[in-house]
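Participant:
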Amino acid sequence: MGICDRIYERWMGEVQRRKIEFLLSAVRPEGLVLDVGAGPGFLSEYIPVVSVDVSEAVLSAKGYKVIGSGNRLPFKTGTFDFVFCVDAFHFLSGAGELERVLKHGGKLVISQFTTRYDEGKTLREIEKSLESARPVDRFFLRDPEPEVVLVAEKI
Ligand SMILES: C[S@@+](CC[C@H](N)C(=O)[O-])C[C@H]1O[C@@H](n2cnc3c(N)ncnc32)[C@H](O)[C@@H]1O
Numbered sequence: 007m008g009i010c011d012r013i014y015e016r017w018m019g020e021v022q023r024r025k026i027e028f029l030l031s032a033v034r035p036e037g038l039v040l041d042v043g044a045g046p047g048f049l050s051e052y053i054p055v056v057s058v059d060v061s062e063a064v065l066s067a068k069g070y071k072v073i074g075s076g077n078r079l080p081f082k083t084g085t086f087d088f089v090f091c092v093d094a095f096h097f098l099s100g101a102g103e104l105e106r107v108l109k110h111g112g113k114l115v116i117s118q119f120t121t122r123y124d125e126g127k128t129l130r131e132i133e134k135s136l137e138s139a140r141p142v143d144r145f146f147l148r149d150p151e152p153e154v155v156l157v158a159e160k161i
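Numbered by this note's numbering, the letters in the sequence shown go through residues 7 to 161 in order.
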């Protein structure tokens with residue numbers, strides 16, 4: 007793990023774990039779960055997931071991990087029951103690959119940091135990027151920091 011990854015893990019770990027605890031209580035994932043832009047794998051501390059990241063920080067994740075891009079996922083279409091993308095969606099060119107690897111009826115959970123002034127805009131931008139999933143739930147977090155969460159179901 008590089009120095010930036012270590013700093014992120016140390017400084018943001020508590021904040022990210024609190025967000026993830028909220029997501030898990032709100033969504034209750036089951037089945038095969040993918041975490042795209044997983045960083046050091048905070049989600050993998052709670053549930054079994056496949057973790058993907060362009061950074062080798064992902065090698066710290068528990069369980070199955072892959073160094074790869076969320077813009078070109080190395081998985082077959084319709085593989086996963088849940089796909090999470092926590093604070094990494096701004097790095098992606100859209101939701102297309104996240105949706106592709108979901109099974110029909112599977113859930114996409116995009117959680118994205120924002121500001122209190124931009125939360126509506128951030129959510130609209132994420133919703134606009136959906137191609138084959140329809141929004142089923144939305145959450146606005148203020149604590150530990152402003153964050154919007156979109157839950158969408160693959161059609
Ligand atoms: C702000 S961190 C979030 C990490 C983790 N999801 C969390 O909640 O702490 C964003 C992560 O996205 C990763 N990333 C950037 N571009 C990516 C891409 N094209 N595909 C997958 N991951 C990417 C970065 O390496 C980084 O680990």
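By construction, the Cβ of each residue, glycine as well, lies at the ideal position given by its N, Cα and C atoms.
Bear in mind that the values here come from a model prediction, so they are computed numbers and not experimental data.
So does G43 have its beta carbon nearer than 7 Å to some heavy atom of ligand 2?
Facilitator: This structure does not include ligand 2; its bound ligands are ligand 1.
Participant: Could you tell me the distance, in whole angstroms, from the CA atom of P150 to the CA atom of E137?
Facilitator: 30 Å
Participant: Note down, in chain order, each residue of its chain lying with its Cβ closer than 6 Å to the Cβ of G84, except the 5 sequence neighbours on either side.
Facilitator: Once the five neighbours on either side are set aside, the close Cβ partners of G84 are K109.
Participant: Quick check: is any heavy atom of ligand 1 less than 7 Å from the C-beta of S61?
Facilitator: yes
Participant: DSSP state of G102, grouped into three classes?
Facilitator: helix
Participant: What is the rounded straight-line gap between the Cα of M18 and the Cα of R140?
Facilitator: Rounded to the nearest whole angstrom, the CA to CA distance from M18 to R140 is 31 Å.
Participant: Do the CB positions of L114 and V89 come within less than 8 Å of each other?
Facilitator: yes
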